[in-house]
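*Asks:* As numbered in the numbering used here, residues 2 to 79 make up the sequence shown, in order.
For glycine and all other residues, C-beta sits at the position ideal for the given N, C-alpha and C.
The structure presented is a predicted model; accordingly, all values stated were derived computationally and were not measured.
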Amino acid sequence: MGELETEERTTRTEVASYLRELADQLDSGGDVRLELGGTAVRVQPSDPITFKLEGESDWSEGDTEAKQSIELELVWRR
């Protein structure tokens, strides 16, 4: 397998497209290829999968806007 931890600034539309492709790969039942910023890794999800979803809005003192985030995590055992 391998490890992938990267980030890239992109548009909402591009993220939605990436997530749709990821969903299609998961639904196919085969390996899943993750690629971002020129780095790639292949994983082999299996059932059952634990799905963790986290969303937050973080205001720090003096900020004029909040830093907001959504985190998705899928965990399985092989």
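Could you pull out every residue in the same chain whose Cβ sits closer than 7 Å to the Cβ of residue 59, ignoring the five residues on either side in sequence?
*Replies:* Excluding residues within five positions, the ones whose Cβ falls inside 7 Å are 67, 68.
*Asks:* Assuming residue 30 contacts residue 9 (C-beta within less than 8 Å), just tell me the rounded distance between them.
*Replies:* About 28 Å separates the beta carbons of residue 30 and residue 9, which is beyond the 8 Å limit, so they are not a contact pair.
*Asks:* Three or more beta-carbon pairs under 8 Å between the region 4-19 and the region 34-53, yes or no?
*Replies:* yes
*Asks:* Under three-state DSSP, which class holds residue 26?
*Replies:* helix
*Asks:* Within the continuous beta strand (DSSP E) that includes residue 40, where are the two ends?
*Replies:* 40-44
*Asks:* Do you know offhand how far residue 78's Cα is from residue 26's?
*Replies:* 18 Å
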